[in-house]
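*Asks:* Residue numbers (the numbering used here): -9 to 253.
This is the structure, below, for whatever I ask next.
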């Protein structure tokens, strides 16, 4: 079988066994949440008889090759050391995990090489351009954080990156067209050079400390809060930690002695 200009060896199986079909597709058993081999209906939806007869063969809910591509993409992202999930909300729209700054930097650093070594993740005719776009953005990200160059130099580098982004759209790839230019891209090209030239490298204005503080408060809420008044619990815990650190009142580790029980 020819697929993406490659010849694939396909092995055919004939079976009338539901369990065997689910095994081939990598699905769970018949009692699982998403056990149907032909659509993505969940366990609760299987008892809904109000749908028309051809509803579950709609491309938006039927199983197709795009599901496999999404799965390969998620595996590539998770292999970079981040937690990432994609799902459909009640309106049928795709949503995904919001990543932190540290996780985004990990992706910029590691994902391009993962995409280059994996087949079936991005389209072959634009694969090289997309990978180079990621690599160039990581270089631009580090450059803008540390550079003391003039605003005009920064502008030309950011403008070149955005032009390369739009050039991928000329290959008939969705998501790289004029209407896909976000406000963030506009700010990168026209406002970041101005701020960097007037106030210095962007690293000086990093919000990493605030993000770290948010992570600590989140951990306090999940592990050390009674959930009755989470705001008060977080403030009291943080103040107790700050007071102990300032006055060298760190809690000592308990002594641990290992011994063997004798029968």
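Positions of the beta carbon are idealized from the N, C-alpha and C atoms, including for glycine.
Since this is a predicted model, take the numbers as computed values, not measurements.
#1: Could you give the DSSP three-state label for residue 29: helix, strand or coil?
#2: Quick one: what does DSSP say residue 124 is sitting in, helix, strand or coil?
#3: Look up residue 175 in the DSSP assignment and say whether it is helix, strand or coil.
#4: Do the segment 148 to 163 and the segment 171 to 187 meet, that is, are 3 or more Cβ pairs less than 8 Å apart?
#5: Do you know how far the Cα of residue 157 is from the Cα of residue 43?
#6: Can the beta-carbon of residue -8 be found closer than 9 Å to that of residue 8?
#7: What does a CB cutoff of less than 8 Å around residue 96 pick up in its chain, not counting 5 residues either side in sequence?
#8: Would you give the residue range spanned by the beta strand (DSSP E) that residue 43 belongs to?
#9: On the DSSP bridge assignment, give the partners of residue 159 in chain order.
#10: Counting only runs of 4+ residues fully inside the segment 204 to 250, write out the alpha helix (DSSP H) ranges in chain order.
#11: Should residue 195 be labelled buried (16 or more other beta-carbon atoms within 10 Å of its own) or exposed?
#12: Using the Cα positions of residue 103 and residue 62, report the straight-line distance between them to the nearest angstrom.
#13: Does DSSP put residue 149 in a helix, a strand or coil?
#14: Between residue 90 and chain B, is any beta-carbon pair separated by less than 9 Å?
#15: First and last residue of the beta strand (DSSP E) that includes residue 85?
#16: Any idea what DSSP makes of residue 106, helix, strand or coil?
#17: For my contact list, residue 94 and residue 76 are in at a C-beta cut-off of 8 Å; report their separation, rounded to the angstrom.
#18: Buried or exposed for residue 186, going by 16 or more other Cβ atoms inside 10 Å?
#19: Whole angstroms is fine: what's the gap from residue 23's alpha carbon to residue 162's?
#20: Could you tell me the alpha carbon to alpha carbon distance between residue 106 and residue 169, rounded to whole angstroms?
#21: Buried or exposed: residue 112, going by 16 or more other Cβ atoms within 10 Å of its Cβ?
#22: Is DSSP giving residue -4 helix, strand or coil here?
*Replies:* From the atom records:
#1: Per DSSP, reduced to three states, the secondary structure at residue 29 is strand.
#2: The answer is helix: DSSP assigns residue 124 an H, G or I state.
#3: Of the three classes helix, strand and coil, the one that applies to residue 175 here is helix, per DSSP.
#4: Enough Cβ pairs lie closer than 8 Å, so yes.
#5: C-alpha separation (whole angstroms): 43 Å.
#6: Not in contact: residue -8 and residue 8 (Cβ atoms no closer than 9 Å).
#7: Correct list, in chain order: 70, 71, 72.
#8: Run containing residue 43: none; DSSP gives neither H nor E here.
#9: Note: residue 159 sits in no beta bridge, so no partner.
#10: If only complete runs of 4 or more residues are kept, the segment 204 to 250 shows the alpha helix (DSSP H) at 220 to 236, in order along the chain.
#11: When all chains shown are included, residue 195 counts as exposed.
#12: For the pair residue 103 and residue 62, the Cα-to-Cα distance works out to about 14 Å.
#13: Residue state, collapsed to three classes: helix.
#14: Absent from the structure is chain B; it holds one protein chain and no more.
#15: Where residue 85 is concerned, the enclosing beta strand (DSSP E) stretches over 84 to 86.
#16: In the structure shown, the three-state DSSP call for residue 106 is helix.
#17: Incorrect: roughly 16 Å between the Cβ atoms, too far for contact.
#18: Answer is buried; the Cβ neighbour count reaches 16.
#19: Going by C-alpha positions, residue 23 is about 36 Å away from residue 162.
#20: Answer to the nearest angstrom: the Cα atoms are 27 Å apart.
#21: Counting other Cβ atoms within 10 Å of its Cβ, residue 112 reaches 16 or more and is therefore classed as buried.
#22: Looking at residue -4 - three-state DSSP - the assignment turns out to be strand.
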